[in-house]
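Asker:
Residue numbers (UniProt numbering), protein chains in the order written: chain Z, 1 to 452; chain C, 1 to 452.
Okay, structure coming up:
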């Protein structure tokens, strides 16, 4: 069996010529050019972001913003900087969803170290490791998850089971399924302290499950009996470090640590909870992979989470797990061999986030109409310095008489997500800090010029 | 913007040397060798297959079959053919799940035409085409789906929306979500004629949804009001062509056409239903990709299916969609340029299935203890010949006094899925016909020697 494989390997390598590679790369690059053109449209506001139903659907909005798009795409190809800036004033900036396209620059500079190559005959089976508790988890991905947590020091991996999911969204549902009691007649209450991630209530209640049910703000939760509390730390949308707030004996905790990475917040100690969720979307920027993972202390909980993912999607894309493994490996390598010249992924992204938060605070100050949270500085064991959190989202408040901040900013062609989706006042909006440079720069410039 | 991309393209290509490629390919091939070793264990019965809970969990069974595994792996490395055959008698053959590893040989022979290369900085966004109804659907994948259906002639794609899912399992749930009435107090009944796919009831009821509820065999369904009927054609487990059986005005149909491909059944005409499900797992053999798709006539249904996948997993792996697009393209190419020398994917797989069914019928005849269905021959428009269906699963009946066929075969170290999981008598079992040659050959040889 082994001999056969080695012979096939040699055959495979001998037919893979430079010409073949060029053809493949060129095909991918042609698709990139198309993608750039499409995403240009996207940046101009022809899509509404996911999860939140707006007054106009994507189709209607695409139609409504056609004029703006047209003027923008004409001006950006052949005009002077002045007319481009004028065109930019009409451009819709969509910061409603947290699409992490900011990270593209870093990965582009890393070059082919991050490229994956998958021959058509590999990874065809449903199974990754039939003997493993999570039988669809690629061993190489699991290895790189453990390594990265050790390098960064943001989570304890000893005596934990790893369960992989199609993004942390699926992993979250797997956790709800695994933690819901099977013997209760009533669904278990699911709570989180407001402002909470706007998708939690929608996901929890979308199928009207008899196992679990959204029960709102954890701070006002008073029902007796078992409950599940979601603790997102740092929190989405406001970026603050969080702890559980209900604190009753029958509570079960899920810790969503999607943003507990050193570009967003100081790493004070390795997180050491029973059930912790992570995702590549926010840590590395690869949202398109749809890969998340959980670190799970209890074996039976990990088994039931695996069972949910088996029932829901019969496992998780092998291709994306392999790609994620490569990306995580490159990050760990970049941290270990960093020579201080900005090669480290977290140094790069830390500095970019620091710059963006500085820009935003200046714009908010200049405008005088808004406020953003102040965070206490803390020492980061990984970056070995003291800094203030610089979250992936800005939680902006309209000061003064503006009651609906989302509508107000939509009038300025800035699309955001309003406070009511997060269980709080519409005076707040959540704004993505992870968009491409061009969009982010236009956004802060526009914010700075908004006067009452 | 375009200029910038072209410059980056040139830079990207210039750094991608033959040496880099070799390193990447070698890394993948090392992982293959490990995989072959792991799957060797898997073939020896250390995993139970998904969806069906057996008396022993995977861990227990792995332990129970340790002796058999040990003797097999010792004998296969250094013994004569005779002792290897003896070792094979002890080997557990797991044909419980339909893992399509049979197809690996074809894809191995196709070589690098099927290989994908994805640089680390591409396909990072959540979005594939923000203007599309299904905003996470890769345009190239959609294009190749339409092309393959046209080449094979197995489904109408005109005036259809394509929705991509994480396997057809997720697409099935998206369809249930989309078709369930929002105004009813009671969940809608979901039915299918027995024997039905064993996962349908488990998936439908796993979250105790208030939207839909499994209601069993469609033939005995008598409740008034709206219902959803699942029509799997050719049917899993028994391979017969199916039509809806309830036929009442308030019925909504989902057609699962996972097996409507010419290696399994004659293609009599392009399927032309309102909602049709397909998957790469059974058509091309790439189960590890987790890619399925639906062809949907009604725009609102397609929108709601997209919404479910947004809530469930925020879209579908871009990497696997790109890989699937490449695989589908190679298949269409192979059909169009086929010179009759077996290069065509469907010619290859048709002949392999024909050979396997011939082997099975001979073994069943020789044993005298079992029966398999007879199928009426039909003309296939694609292969341009008359043949009998040769399904992906064999639906085997234990004749005579054996009441529990699954237990009986487990005693012979053949793992199958018993009739009760499909809503019928335990005298039946479903057996996968898609395993690797070595396992399949051992299975038919063992079947032929079973005497009462």
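For each residue, glycine too, the CB sits at the ideal point set by N, CA and C.
Since we're looking at a predicted model, the values are computed, not measured.
(1) Could you confirm whether any beta carbon from chain Z is found closer than 9 Å to the beta carbon of residue 206 of chain C?
(2) Taking three-plus beta-carbon pairs below 8 Å as touching, is the region 429-442 of chain C in contact with the region 404-417 of chain C?
(3) Compute the Euclidean distance between the alpha carbons of residue 151 of chain C and residue 280 of chain Z, then round it to the nearest angstrom.
(4) Find out if the Cβ-Cβ distance for the pair residue 117 of chain Z, residue 117 of chain C is shorter than 9 Å.
(5) Would you check whether the ligand SAH has a heavy atom nearer than 8 Å to the C-beta of residue 161 of chain Z?
(6) For a contact meaning CB atoms closer than 7 Å, what does residue 96 of chain Z contact in chain C?
(7) When you compare each of C/424, C/230, C/148, C/324 to residue 404 of chain C by their alpha carbons, which one comes out closest?
(8) Taking only the alpha-carbon atoms, compute the straight-line gap between residue 420 of chain C and residue 407 of chain C and give it to the nearest angstrom.
(9) Among C/156, C/290, C/275, which one has its Cα closest to the Cα of residue 498 of chain C?
(10) So with CB distances below 7 Å, who are the chain C contacts of residue 457 of chain Z?
(11) Listing by chain order, which chain C residues have their CB less than 9 Å from the CB of residue 99 of chain Z?
(12) Given a threshold of 16 other Cβ atoms within 10 Å of its Cβ, counted over all protein chains shown, does residue 124 of chain C qualify as buried or as exposed?
(13) Which residues of the region 280-303 of chain C have a Cβ closer than 7 Å to any Cβ of chain Z? Give them in chain order.
(14) Report the neighbours of residue 202 of chain Z on chain C: residues whose CB is nearer than 7 Å to its CB, in chain order.
(15) My output table needs one value for residue 176 of chain C: the three-state DSSP class, helix, strand or coil.
(16) Who are the Cβ neighbours of residue 397 of chain Z in its own chain at under 6 Å, not counting the five residues just before and after it?
(17) Report yes if the CB atom of residue 164 of chain C is closer than 9 Å to the CB atom of residue 291 of chain C, and no otherwise.
(18) Considering only the alpha carbon of each residue, which of Z/386, Z/399, Z/215, Z/173 lies closest to residue 293 of chain Z?
(19) Terminal residues of the continuous beta strand (DSSP E) containing residue 379 of chain C?
(20) Got a sec, what are the start and stop residues for the beta strand (DSSP E) residue 453 of chain Z sits in?
(21) CA-CA distance, residue 345 of chain Z and residue 323 of chain C?
(22) Check the Cβ of residue 319 of chain C against every Cβ in chain Z and list those closer than 7 Å, keeping chain order.
(23) Does the beta-carbon distance from residue 240 of chain C to residue 389 of chain C come in below 9 Å?
(24) Tell me, which residues are paired with residue 420 of chain C by DSSP?
(25) Can you check whether the CB of residue 120 of chain C is closer than 9 Å to the CB of residue 330 of chain Z?
(26) Mark residue 107 of chain C as exposed unless 16 or more other C-beta atoms lie within 10 angstroms of its C-beta, in which case mark it buried.
(27) Among the candidates C/402, C/304, C/307, C/130, whose CA atom is the shortest distance from the CA of residue 451 of chain C?
(28) Within its chain, find whatever has a CB closer than 8 Å to the CB of residue 219 of chain C; leave out the 5 residues flanking it on each side and keep chain order.
(29) Within the same chain, show all residues whose beta-carbon is closer than 6 Å to that of residue 273 of chain C, passing over the 5 residues directly before and after it, in chain order.
(30) May I ask you to report which of helix, strand or coil DSSP gives residue 433 of chain C?
(31) Would you mind stating whether residue 362 of chain C and residue 231 of chain C have Cβ atoms separated by less than 9 Å?
(32) Among C/205, C/197, C/198, C/320, which residue has its Cα nearest to the Cα of residue 177 of chain C?
(33) Let me check understanding here. Comparing Cα to Cα, which of C/208, C/160, C/263, C/185 lies closest to residue 356 of chain C?
(34) Would you say residue 214 of chain C reaches chain Z, if we count a Cβ-Cβ gap shorter than 9 Å as a contact?
(35) Thinking C-beta only, is residue 261 of chain Z closer than 9 Å to residue 267 of chain Z?
(36) Between residue 112 of chain Z and chain C, is there a C-beta pair that is closer than 9 Å?
Answerer: Looking at the coordinates:
(1) Output row for residue 206 of chain C: interface = yes.
(2) yes
(3) 38 Å
(4) Cβ distance < 9 Å, so residue 117 of chain Z and residue 117 of chain C count as in contact.
(5) Absent from the structure shown: the ligand SAH. Ligands present: none.
(6) Residues of chain C passing the Cβ test: none, with the nearest at roughly 12 Å.
(7) C/424
(8) 12 Å
(9) No information on residue 498 of chain C is available, as it lies outside the stretch 1 to 452 that chain C covers here.
(10) Outside the shown range of chain Z, which is 1 to 452, sits residue 457 of chain Z, and nothing can be said about it.
(11) The answer, in chain order, is 124, 125, 126, 127.
(12) buried
(13) 285, 286, 287, 288, 289, 290
(14) What residue 202 of chain Z touches in chain C: 311.
(15) helix
(16) 371, 427, 428
(17) yes
(18) Z/173
(19) 378-380
(20) As displayed, chain Z neither begins before 1 nor continues past 452, which places residue 453 of chain Z out of reach and without an answer.
(21) A straight line joining the alpha-carbon of residue 345 of chain Z with that of residue 323 of chain C spans about 27 Å.
(22) For residue 319 of chain C, the neighbours in chain Z by C-beta distance under 7 Å run, in chain order, 289, 317, 319, 320, 323.
(23) yes
(24) Beta-bridge pairing links residue 420 of chain C to no other residue.
(25) yes
(26) buried
(27) Among C/402, C/304, C/307, C/130, the Cα nearest to that of residue 451 of chain C is on C/402.
(28) 193, 194, 245
(29) 255
(30) coil
(31) No, they are not a contact pair.
(32) C/205
(33) C/263
(34) no
(35) yes
(36) Taking a beta-carbon distance threshold of 9 Å, residue 112 of chain Z counts as an interface residue toward chain C.
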